[in-house]
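Residue numbers (our numbering), protein chains in the order written: chain D, 326 to 729; chain Y, 326 to 729; chain U, 326 to 729; chain E, 326 to 729.
Below is one structure, written out as structure tokens; comments come after it.
Protein chains: 4
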Amino acid sequence: MKGEVKKVVLAYSGGLDTSIILRWLQDQYQCEVVTFTADLGQGEELEPARKKALLMGIKPENIYIDDLREEFVRDFVFPMFRANALYEGVYLLGTSIARPLIAKRQIEIVQATGADAVAHGATGKGNDQVRFELGYYALKPDIKVIAPWRLWDLGSRTKLLDFAEKHQIPISKDKRGEAPYSTDANLLHISYEGKALEDPWVEPFEDMFTRSVSPEKAPDKATYVEIEFEQGNAVAIDGEKLSPASLLTKLNALGGANGIGRLDLVENRFVGMKSRGVYETPGGSILIVAHRAIESLTLDRGEAHLKDELMPRYAELIYNGFWWSPERKAIQTMIDEVSQNVSGTVRLKLYKGNVTVVGRKSDKSLYRHDYVTFEEDSVYNQRDAEGFIKLNALRMRLAKMARG
Amino acid sequence: MKGEVKKVVLAYSGGLDTSIILRWLQDQYQCEVVTFTADLGQGEELEPARKKALLMGIKPENIYIDDLREEFVRDFVFPMFRANALYEGVYLLGTSIARPLIAKRQIEIVQATGADAVAHGATGKGNDQVRFELGYYALKPDIKVIAPWRLWDLGSRTKLLDFAEKHQIPISKDKRGEAPYSTDANLLHISYEGKALEDPWVEPFEDMFTRSVSPEKAPDKATYVEIEFEQGNAVAIDGEKLSPASLLTKLNALGGANGIGRLDLVENRFVGMKSRGVYETPGGSILIVAHRAIESLTLDRGEAHLKDELMPRYAELIYNGFWWSPERKAIQTMIDEVSQNVSGTVRLKLYKGNVTVVGRKSDKSLYRHDYVTFEEDSVYNQRDAEGFIKLNALRMRLAKMARG
Amino acid sequence: MKGEVKKVVLAYSGGLDTSIILRWLQDQYQCEVVTFTADLGQGEELEPARKKALLMGIKPENIYIDDLREEFVRDFVFPMFRANALYEGVYLLGTSIARPLIAKRQIEIVQATGADAVAHGATGKGNDQVRFELGYYALKPDIKVIAPWRLWDLGSRTKLLDFAEKHQIPISKDKRGEAPYSTDANLLHISYEGKALEDPWVEPFEDMFTRSVSPEKAPDKATYVEIEFEQGNAVAIDGEKLSPASLLTKLNALGGANGIGRLDLVENRFVGMKSRGVYETPGGSILIVAHRAIESLTLDRGEAHLKDELMPRYAELIYNGFWWSPERKAIQTMIDEVSQNVSGTVRLKLYKGNVTVVGRKSDKSLYRHDYVTFEEDSVYNQRDAEGFIKLNALRMRLAKMARG
Amino acid sequence: MKGEVKKVVLAYSGGLDTSIILRWLQDQYQCEVVTFTADLGQGEELEPARKKALLMGIKPENIYIDDLREEFVRDFVFPMFRANALYEGVYLLGTSIARPLIAKRQIEIVQATGADAVAHGATGKGNDQVRFELGYYALKPDIKVIAPWRLWDLGSRTKLLDFAEKHQIPISKDKRGEAPYSTDANLLHISYEGKALEDPWVEPFEDMFTRSVSPEKAPDKATYVEIEFEQGNAVAIDGEKLSPASLLTKLNALGGANGIGRLDLVENRFVGMKSRGVYETPGGSILIVAHRAIESLTLDRGEAHLKDELMPRYAELIYNGFWWSPERKAIQTMIDEVSQNVSGTVRLKLYKGNVTVVGRKSDKSLYRHDYVTFEEDSVYNQRDAEGFIKLNALRMRLAKMARG
């Protein structure tokens, strides 16, 4: 494999697995490695990643550490929430939506450094490998992709640790033993899957969760909050304008404190098998409820129903890794157009796991009290309903007459 | 209008409004009136309706009082839940799903009594008139439909009360004043709308709710429950087999006690305006979560996603009153076919408004631990993923190459 | 009805029916009438309409005669063809697509003249009344709409002729007798329906057709033609750049001469019944084939399939009169975005009713000879297909294992 | 590879390519080979395949030659036509629909012979490998699949011929040179692709076609034909009841003689690239027009539009090889349910490439002359249309008022 690539950009977390990959790439390809470490709000220090990379012989100019939190929320999370995307009815796509940004930034670094390859640390059974690689190929069709987990023979924990020791890669104590599950985190969510969670009949342990208290431990008194939207995006909380990442951070705090956003599900992976995942998405779980509420006031029925019918497809595209596909972009164009009128304020009650809409208002509201009132009115002629019903019924009457 | 109809079957609740309608029909059409009162689990005594009807001169053989609870849940609620139907992402269609059954039974009584007309008490601004009448026409195309609210001049509370007094229709004290909202109830839900709720920015008062305690007043300790499904239908709770209506009754008790199932929304009516509705659906809110969970284990991905994509359309059909339409039946055929494998058990945690899935198991499970495990395995070749990704990426690579 | 409206804008063809309407409006409402006559390419002189209007007492400044052909093709026909719209699989929507433009222009004239009402000559059983009036209401919600055919008692030919004679409205000889069918025409098509065509088992008479020779009478030698597209729109024929209306005119000539574009169908009207229609759409029948062919080369698969799945909905919206609806505009936004790359040239063979694609080329082509060739190649690794197939098969294998 | 499989069932045409595969399998795996040759109406003698197989050492009991024509049309072609399936708007899926049957029969032979593997002769770039293999895996999840074209090093014509000569496999003269294109044939269609057709700007040569005369050479006089349908399936032609395969054979003759059914297109393969294909589907091209026509009379609008919206998805599933998928079966269940009423007779005019509907009638017709007539009528109240339009317009009026 030596000579196959000359410079590879690795998505590098600084953790044990991607450090092993870093060394393995150096060994196998005898090539220059560029490390890319992103702050997507996963809640970890990034400077240790720099130190580790330096220790492993990466040149300073080949170490990229970027704070992508604002871009992540503004250009990926928010567009997705404009679509009310839920995969299989419940999953908020917290992992899926981060991958396209990482792929995009890796390809930008490829361009900046003159690299010819990219590498990632996703395994060969999951969705993430697909999401990364579809992104790479869509953005740079001639890129060389290296997925070590599909190539090497280090397919067990023991072999990995042996490799690390042999190559003097530091192993923190908690990595010695088998982790009871694996996680992925960013500003939108944290996921847990595998090992201890593999039996879908077994409830997760309480001490696994890191981003939310349990509903039981949440305050006994509800928190009320108002979220303001402009053109489909949340822009302020309780009157305070906030940048996208700051706003989501604040919603995470509010949700986490009130026991909001835990989810336990069995999902269908793109690669063909089912898996069990547990997620915490405190802020996102508030946001989707609020967004639907402001839409309920400001979207025309035709717009809303069209969005609802396309949503499962849109969510599937993101889950499967097709963020950069022409059809995802096409649907997004439509969603964004429709979102132009989605502005106003939603009032929510947060209480021990519940997110309840208790009010919504908007200058663009299509709700008209005078049309809906039970009182006599002058704007709506009730007798119109007869013709409306009769013509809607006509085809069914004809079918019954003909078919019996 | 006299002579226009000779015998009319009225959907008669025994309440003030439909009693006024009863008298008005007698007056206007000088016709025989057949009253039909159904127990759909609304939680009211039906015998008073019989007495009232007799008092108003209805012949005993023209008084129909039916307990339709089992039919309601078995043939209407359960088929709808097999589809995971949610209108506009959130509404469980509690009112919508009862109307087709009432229409069906009214038409059966038309056939039994030789009547030539039906009447209902729905107003001219709402969805229910449509749902009733589409049902009537679909089942008996030549039926004469009378919708008094669209015909008479009793369009205000004062006029109604005057009419009642003039015709010696008893008015219970609480009906004297304006009700602060109107309600509709059955075994699946109770709705509140109008008047005090017409401002969508104002939170409903706590004392309005009748089927559930607030999350705040629910027990501080979670209730765990296991629901067993066969072919898409819930059939047992905690090991006890229950008939459809008994099962939903039990879920209502469980949900209501744990603060589950309240919903406050702005919805798009079929007749064209938005309205604000508040709903309590304690059992249904548990059931839909449980049903999705057992599907997550037993449905193939292709089946599940197809159902998800058709669901908004299906829910819209029911909301708009097209239960008896050929296309609703066609979609149902598909859903029922797919539901053949949806059997197994779901374990839920109910706690202060939250319904959380904590386990699911099934003899028909498509979840395979050996395929999903992080460990080395012999059933799935990780290298297959490379080809999978490359061919999925190919069209996007070609697009990028051609379009830049 | 006198006093109900003060000035009404009538869609006026100059023919007998709309002349009767004109007089009837003057009689009934004692109001000022503004006539609007449009050249949409229907192939009739418009000046006689002016003379007739003057004769009937319309003030010169109240007579609007507009050549809308370019706007019609550019802003209505072409956007619809970008969507490949076919109603019920076959109908090119020639009548449907003209109505929104007429409604738009009528409302513009309402604004210009300070009128408070509009009137049209569509009957109460058809789709056109819906298309006109949905347009009026969508563009000017407070407009007063007058649909004489639904209001008056002139519901038979005899009564109409009596009215005309009584009011000295000139009746051309060919209007004396019953027309054997009714027609609607514009630059895109001509339709025939009713009377002699009402039995769907009976073939139309050859001499009814006006825009095309029969395939039998078309030349024995094929005509080859090249159509050039830019961003989804046809812009040139055989190298000659043409404006939208000129281009469609030329395609009509080519199609008509070669026996192309006749269609005989039974369709489902929005108002609930089926009707039989016969259409001639010579140019449009060429255009849709050519457009699909250039798309086949330039659209990504994801884009093309998304368009195909939304097309029936889009066509239904136009057929039903919802051109001006928010959801039609939303879908259009998506279609137009996707059409940015739909440029190139299509070569067609026109022969006795057949439109056959015989070549297509494009600078934006996504077709790559090197990828598709049977020969050995270096760009596509055939072994990738194994993994692709295996992962696509996985869920079906698991389903078979679990279900037997 | 020796020892990897013990008995393999090969889809064997008797032609050069699959004869080479036969020998290669014997060489490589040293295993027993079972040959399976099907008559799907491709128009070739099958007995030569038996002789060749015997010559190559296949045991008589390992040679399966089956006439599958009736099963093919009844259980595959007809169900697909009930859906009006067209891939990418135009392609009748003639190749796609044969693959699932071949896969099914191969797996049956696997079961009958105790084989442990299957092999096919499809290349690594096309759709057919996917269609075969998805079928194998869906029907027998543990089957071993051998796709020689993806495995061997005989990737050019020269190498193949060398191998054949070396192994004394007879090469017919016309196979010596390069074929100008490749073909696939069955009772539904014949396809041509590759080589001479690879430039999509170049028109196919006339002498390539084998199943139809050109429109130019077709009779100068039209042929009229009546097709009778029962429950969505064609059952008789001109009054003569015919079995499925006999009926399609007759339609092929009618279509071929009248220059019907040629198609030249660029399509999107499932494996990711575009390819150019030319097809002849004479009978199928008649059948789809006739089927839509009988549906136009007998399907309710809701049914018809639901089918139209799902059709692109259904066609894509078949094109991509997912015939045996749970979701294709689910959609089929719905289509078959809806087809219960699709019975009646369609009259067609066939003339030089044109298939024109000129009449349709049915006992189940939903077309009602009395509802559609222009004359005054008593069944439809034209004033109902006003209410119908007003309520349909309401949301658009509200949107315009709020948004301006």
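The C-beta atom is built at its ideal place from N, Cα and C for all residues, glycine as well.
Nearest candidate by alpha-carbon position, reference residue i, set the options
i	options	result
Glu-433 (chain E)	E:Ala-463, E:Ala-378, E:Val-402, E:Ser-664	E:Ala-463
Leu-631 (chain D)	D:Leu-567, D:Ser-497, D:Gln-657	D:Gln-657
Leu-335 (chain Y)	Y:Gly-328, Y:Ala-378, Y:Glu-372, Y:Gln-367	Y:Ala-378
Ala-655 (chain Y)	E:Ser-516, E:Gly-627, E:Glu-652	E:Gly-627
Val-693 (chain E)	D:Val-704, D:Lys-725, D:Ile-714	Sequence inspection shows Arg at residue 693 (chain E); the Val mentioned does not correspond to that position. Considering only alpha carbons, the answer is D:Lys-725.
Arg-424 (chain E)	E:Phe-397, E:Arg-430, E:Arg-456	E:Arg-456
Met-598 (chain D)	U:Arg-720, U:Asp-352, U:Ser-621	U:Arg-720
Tyr-337 (chain D)	D:Lys-376, D:Val-330, D:Tyr-354, D:Gly-328	D:Lys-376
Leu-341 (chain U)	U:Lys-566, U:Thr-483, U:Pro-525	U:Thr-483
Short Cβ contact (9 Å threshold) for residue i with residue j
i	j	result
Glu-518 (chain D)	Ser-610 (chain D)	no
Leu-723 (chain E)	Tyr-696 (chain D)	yes
Leu-347 (chain D)	Ile-390 (chain D)	no
Asn-387 (chain U)	Ser-421 (chain U)	no
Tyr-506 (chain D)	Ala-489 (chain D)	no
Leu-642 (chain D)	Ala-718 (chain Y)	no
Asn-558 (chain U)	Gly-608 (chain U)	no
Ala-570 (chain D)	Val-398 (chain D)	yes
Leu-365 (chain Y)	Leu-512 (chain Y)	yes
Leu-716 (chain Y)	Phe-647 (chain U)	no
Tyr-676 (chain D)	Arg-653 (chain D)	no
Ala-629 (chain U)	Leu-673 (chain U)	no
Gly-439 (chain U)	Lys-332 (chain U)	yes
Gly-684 (chain U)	Phe-554 (chain U)	no
Contacts that residue i makes with chain E (C-beta to C-beta distance below 8 Å)
i	result
Gln-436 (chain U)	Near Gln-436 (chain U) there are no residues of chain E at all, since even the closest Cβ is about 14 Å away, more than 8 Å.
Chain Y residues whose Cβ lies nearer than 7 Å to that of residue i
i	result
Gly-557 (chain U)	None at all; the shortest Cβ gap to chain Y is about 15 Å.
heavy atom of the ligand FMN below 8 Å from residue i C-beta
i	result
Asp-499 (chain U)	Absent from the structure shown: the ligand FMN. Ligands present: none.
Neighbour list for residue i in chain U, Cβ cutoff strictly below 8 Å
i	result
Gln-454 (chain E)	Ala-710, Ile-714
Under 7 Å from the C-beta of residue i: neighbouring residues of chain E
i	result
Tyr-462 (chain U)	Ala-718, Met-721, Arg-722
Gly-581 (chain U)	The premise fails here: Gly-581 (chain U) is roughly 15 Å from chain E at the closest Cβ pair, so nothing lies under 7 Å.
Integer Cβ distance of residue i from residue j, believed to fall under 8 Å
i	j	result
Leu-417 (chain U)	His-492 (chain U)	38 Å between Cβ atoms; not a contact.
Ile-562 (chain E)	Gly-678 (chain E)	Actually they are not in contact, since the Cβ atoms of Ile-562 (chain E) and Gly-678 (chain E) sit about 20 Å apart, beyond 8 Å.
Ile-552 (chain Y)	Val-682 (chain Y)	With 8 Å as the limit, Ile-552 (chain Y) and Val-682 (chain Y) do not qualify as a contact, their Cβ atoms being about 10 Å apart.
Chain Y contact residues for residue i, given Cβ-Cβ distances below 8 Å
i	result
Ala-407 (chain U)	The residue you asked about is not Ala; residue 407 (chain U) is Arg in the sequence shown. Near Arg-407 (chain U) there are no residues of chain Y at all, since even the closest Cβ is about 18 Å away, more than 8 Å.
Contact set between residue i and chain D, taken where Cβ atoms lie within less than 8 Å
i	result
Glu-531 (chain Y)	The contacting residues do not exist; Glu-531 (chain Y) stays about 11 Å from chain D at best.
Val-402 (chain U)	Per Cβ cutoff of 8 Å: no residues; Val-402 (chain U) is ~22 Å from chain D at best.
Neighbouring residues, chain U, relative to residue i (Cβ below 9 Å)
i	result
Met-726 (chain E)	Pro-466, Asp-467
Q.
At a CB distance below 8 Å, what residues from the region 654–675 of chain D approach chain U? Give them in sequence order.
A. The region 654–675 of chain D vs chain U, Cβ under 8 Å: Lys-654, Ala-655, Ile-656, Thr-658, Met-659, Glu-662, Val-663.
**Q.** Selection of the region 623–652 of chain U by Cβ proximity to chain D, strictly under 7 Å
**A.** Correct list: Asp-625, Gly-627, Glu-628, Leu-631, Ser-650, Pro-651, Glu-652.
Q) When you check each C-beta in the region 685–700 of chain E against every C-beta of chain D, which residues fall closer than 8 Å? A) Residues passing the 8 Å Cβ filter: Lys-689, Ser-690, Leu-691, Arg-693, Tyr-696.
Q: With 9 Å as the C-beta to C-beta threshold (strictly closer), list the residues of the region 515–529 of chain U near chain Y in chain order.
A: Hits within the stretch: zero.
Q.
Against chain U, which members of the region 594–608 of chain D pass a CB distance test of less than 7 Å?
A. Flagged, chain order: Val-596, Gly-597, Met-598.
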